[in-house]
Amino acid sequence: MMQPSYEDAQALAGFEATSWGLNVRCRAVRARKVLGWEPSRPSLEEELPQIVKEEWALLQEDAH
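Reminder that position 46 of the sequence shown reads as 46 in UniProt numbering, one-by-one numbering, no gaps.
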C-alpha cells in the first residue's frame with residue numbers, strides 16, 4: 001500500500017490529515033535503550049487540557 005505524501009494528504013483531507021495516526025501508541029523504546037534518549041517536551045496527554053481550553057476560547061470568539 002502506497003502512503004500519500006503530507007501534501008497529498010492535506011489536499012485530500014485538509015486539517016483532518018494532521019490527526020491521522022494520532023491513535024497510534026508508541027513508546028520510543030529503541031531510542032531510549034540504544035541512544036539514551038528521553039523526551040524533553042510534555043506528552044499530548046499532559047497538553048490536552050490546555051489545547052481544549054484554547055480551542056474553546058476560539059469557538060467562543062467566533063460565536064460573538
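Ideal placement from N, C-alpha and C gives every residue a C-beta, glycine not left out. It should be emphasised that the depicted structure is a prediction, and the values quoted were computed from it without experimental measurement.
message: Determine whether the beta carbon atoms of Ala11 and Trp20 lie at a separation below 8 Å.
response: Your numbering for residue 11 matches position 11 in the sequence shown. Your numbering for residue 20 matches position 20 in the sequence shown. Contact flag unset, no.
message: Just verifying my parser: in three-state terms, what is the DSSP assignment at Glu38?
response: Stepping through the sequence shown from its first residue, residue 38 is reached at position 38. In the three-state reduction of the DSSP assignment, Glu38 falls in the coil class, being assigned neither a helical nor a strand state.
- request: May I ask you to report which of helix, strand or coil DSSP gives Ser19?
  value: If you number the sequence shown from 1, residue 19 lands on position 19. The answer is helix: DSSP assigns Ser19 an H, G or I state.
- prompt: By DSSP, does Val52 sit in helix, in strand, or in coil?
  reply: For the purposes of this step, residue 52 is taken as the residue at position 52 of the sequence shown. Looking at Val52 - three-state DSSP - the assignment turns out to be helix.
query: If you draw a straight line from the C-alpha of Val34 to the C-alpha of Arg27, how long is it?
result: On the sequence shown, residue 34 is found 34 positions in, with the first residue counted as 1. On the sequence shown, residue 27 is found 27 positions in, with the first residue counted as 1. For Val34 and Arg27, the distance between alpha carbons rounds to 13 Å.
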